[in-house]
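Have a look at the structure below before the remarks.
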Ligand SMILES: NC(=O)c1ccc[n+]([C@@H]2O[C@H](COP(=O)([O-])OP(=O)(O)OC[C@H]3O[C@@H](n4cnc5c(N)ncnc54)[C@H](OP(=O)(O)O)[C@@H]3O)[C@@H](O)[C@H]2O)c1
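Residue numbers (my numbering): 6 to 313.
Here is the structure:
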């Protein structure tokens, strides 16, 4: 598996930065590993994590809310039995979405407690990366800077990033921090291309922030979130992808990953399958020598019209 440095935005660092392993280009997403929390599903989830490690994934994406904490708990059980793995992995987790009723909440005490809960469930002393899950519209950048400082000072978090932030929200937060934001995790797939158009991927390249794509297969392997495609759209996209899959001798969903990987911002897709063969086969997308021309063919198929 190719690895990639996530430390491209260190210019503001005054002290020597904490160690961070290069990340596998594909990240394994742990949102589904506990399934319905039955013994059968948890066993499947553990096998999925093991398959990911064997396939060369070293970066695991969590959130405090995945499976209401059960996904972190399951991963923590693995680390309890295989503590030697901890130093070989990058563990990312997120917080900031409060449940019942759902609210976005970046208040100091809430975030500190959330991180402490993740550390306990994951059975680890530190998160390599902590992401703010969805922007709290009422966030105060200076107050967040203090929260980050505390988490760092106490050794609970090495690096920080965000998820689902707009470019202006990233700029606002970054302007208040002594820390570099190293990740913006956003939805990127053939249905949702807003990051191509709203400046997210431009800003990532400019600042050295790594864009991480959640639901990278939306609209190809399964229907997109908030699907706005018509049946005709879906057929047109499917036909173009099938043509390209035959040309490159891969499966359709691997073309949709290659389409993301082609972007110069070095998008890292998060693979959320719990099927070992798919977890392993996703790597094939990294070997596709995907052309500029095919990238545009697929964009035009997606758009249903030629470029203006
Ligand atoms: N920051 C955020 O707001 C946010 C939001 C959502 C997700 N995430 C992160 O992103 C990760 C990935 O998202 P996701 O779980 O939606 O991942 P995904 O890999 O895009 O989708 C996984 C689902 O699609 C199925 N699937 C995968 N490959 C398939 C294929 N080739 N053909 C048919 N079905 C296929 C899987 O089924 P099988 O398990 O049966 O293979 C699974 O149900 C999550 O685990 C989480 O870490 C972040």
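Where a beta carbon is used, it is the ideal one built from N, C-alpha and C, also for glycine.
Can you name the start and end residues of the beta strand (DSSP E) that residue 221 belongs to?
Within the chain shown, numbered from 1, the residue matching residue 221 stands at position 216. Careful: residue 221 lies outside any beta strand (DSSP E) and carries neither H nor E.
Could you check where the beta strand (DSSP E) with residue 65 kicks off and where it finishes?
Sequence index remark: in the chain shown, residue 65 carries index 60 (1-based). Segment 64-66, the beta strand (DSSP E) holding residue 65.
Which complete alpha helix (DSSP H) runs does the region 252-276 hold, if anything under 4 residues is left out?
257-266
Among 75, 89 and 267, which one has its Cα closest to the Cα of residue 193?
Position 188 of the chain shown, counting from 1, holds the residue named residue 193. For the options 75, 89 and 267, the alpha carbon positioned closest to that of residue 193 is the one of 267.
DSSP puts residue 211 in a beta bridge; with which residues?
Residue numbering aside, residue 211 sits at position 206 when the chain shown is read from its first letter. None; residue 211 has no bridge partner.
CB-CB length for residue 80 against residue 54, believed under 8 Å
Locating residue 80 in the chain shown gives position 75, counting from the first residue. Locating residue 54 in the chain shown gives position 49, counting from the first residue. Sure, about 7 Å apart at Cβ, within 8 Å.
Out of 107, 247 and 163, state which residue places its alpha-carbon closest to the alpha-carbon of residue 302.
On the chain shown, position 297 is the one that residue 302 refers to. Measuring from the Cα of residue 302, the nearest candidate turns out to be 247.
Under the assumption that residue 139 contacts residue 109 (Cβ atoms under 8 Å), give the Cβ distance between them as a whole number of angstroms.
Position 134 of the chain shown, counted from the first residue, corresponds to residue 139. Position 104 of the chain shown, counted from the first residue, corresponds to residue 109. In this structure residue 139 is in contact with residue 109, their Cβ atoms being roughly 5 Å apart against a cut-off of 8 Å.
Using 8 Å as the cut-off, classify the Cβ of residue 302 as near or not near the heavy atoms of ligand 1, replying yes or no.
Within the chain shown, the letter at position 297 stands for residue 302. Answer for residue 302: no, Cβ out of range of ligand 1.
How about residue 156 and residue 170: do their beta carbons lie closer than 9 Å?
In the chain shown, the residue the question calls residue 156 occupies position 151. In the chain shown, the residue the question calls residue 170 occupies position 165. Not a contact, by the Cβ cut-off of 9 Å.
Just to confirm, is the Cβ distance from residue 279 to residue 37 under 9 Å?
As a working mapping, residue 279 is identified with position 274 in the chain shown. As a working mapping, residue 37 is identified with position 32 in the chain shown. Going by C-beta atoms, residue 279 is nearer than 9 Å to residue 37.
With hydrogens ignored, establish whether the beta-carbon of residue 266 is closer than 8 Å to any heavy atom of ligand 1.
Sequence index remark: in the chain shown, residue 266 carries index 261 (1-based). Flag unset: Cβ of residue 266 not near ligand 1.
Is any non-hydrogen atom of ligand 1 found closer than 8 Å to the C-beta of residue 278, if you look at the structure I gave you?
Here residue 278 corresponds to residue number 273 of the chain shown, with the count starting at 1. Checking the Cβ of residue 278 against ligand 1 gives yes.
Where does the unbroken alpha helix (DSSP H) through residue 308 begin, and where does it stop?
Taking the chain shown and counting its residues from 1, the one referred to as residue 308 is at position 303. First-last of the alpha helix (DSSP H) with residue 308: 297-308.
Only counting runs of 4 or more residues, tell me where the alpha helix (DSSP H) segments fall wholly within the region 25-85, in order along the chain.
44-59
Do residue 55 and ligand 1 come close, with the Cβ less than 8 Å from some heavy atom?
Indexing the chain shown from 1 puts residue 55 at position 50. Using a cutoff of 8 Å, the CB of residue 55 does not count as near ligand 1, since none of the ligand's heavy atoms is closer than that.
Pair within 9 Å by beta-carbon distance, residue 189 and residue 210:
Within the chain shown, numbered from 1, the residue matching residue 189 stands at position 184. Within the chain shown, numbered from 1, the residue matching residue 210 stands at position 205. Taking 9 Å as the Cβ cut-off, residue 189 and residue 210 do not qualify as a contacting pair.
Hey, is residue 4 close to ligand 1, as in C-beta under 8 Å from one of its heavy atoms?
Residue 4 is absent from the model: the chain starts at 6 and stops at 313.
Helix, strand or coil at residue 97 according to DSSP, with G and I counted as helix:
Here residue 97 refers to the residue found at position 92 when the chain shown is read from its first residue. If DSSP states are grouped into helix, strand and coil, residue 97 belongs with the strands.
Proximity of residue 146 and residue 183 at Cβ, strictly below 9 Å
Walking along the chain shown from the start, residue 146 turns up at place 141. Walking along the chain shown from the start, residue 183 turns up at place 178. Their beta carbons are not under 9 Å apart, which means residue 146 does not touch residue 183 by this criterion.
With a threshold of 16 other CB atoms inside 10 Å of the CB of residue 230, please say whether the residue is buried or exposed.
Within the chain shown, residue 230 is the residue found at index 225, counting from 1. Residue 230 comes out exposed.
Give a yes or no on contact between the region 245-261 and the region 36-50, applying the rule of three or more CB pairs nearer than 8 Å.
no
So what's residue 291 in DSSP terms, helix, strand or just coil?
Counting from one through the chain shown, the residue named residue 291 turns up at place 286. Residue 291: helix per DSSP, three-state reduction.
Quick one: residues in its chain with C-beta nearer than 7 Å to the C-beta of residue 46, no 5 flanking neighbours on either side, listed in chain order?
Along the chain shown, read from residue 1 onward, the residue named residue 46 stands at position 41. Only 39 and 40 meet the Cβ criterion.
Please state whether DSSP places residue 246 in a helix, a strand or coil.
On the chain shown, position 241 is the one that residue 246 refers to. Looking at residue 246 - three-state DSSP - the assignment turns out to be helix.
Buried or exposed (CB count within 10 angstroms, at least 16 for buried), residue 50:
Here residue 50 is taken as the residue at index 45 of the chain shown, counted from 1. Result: buried.
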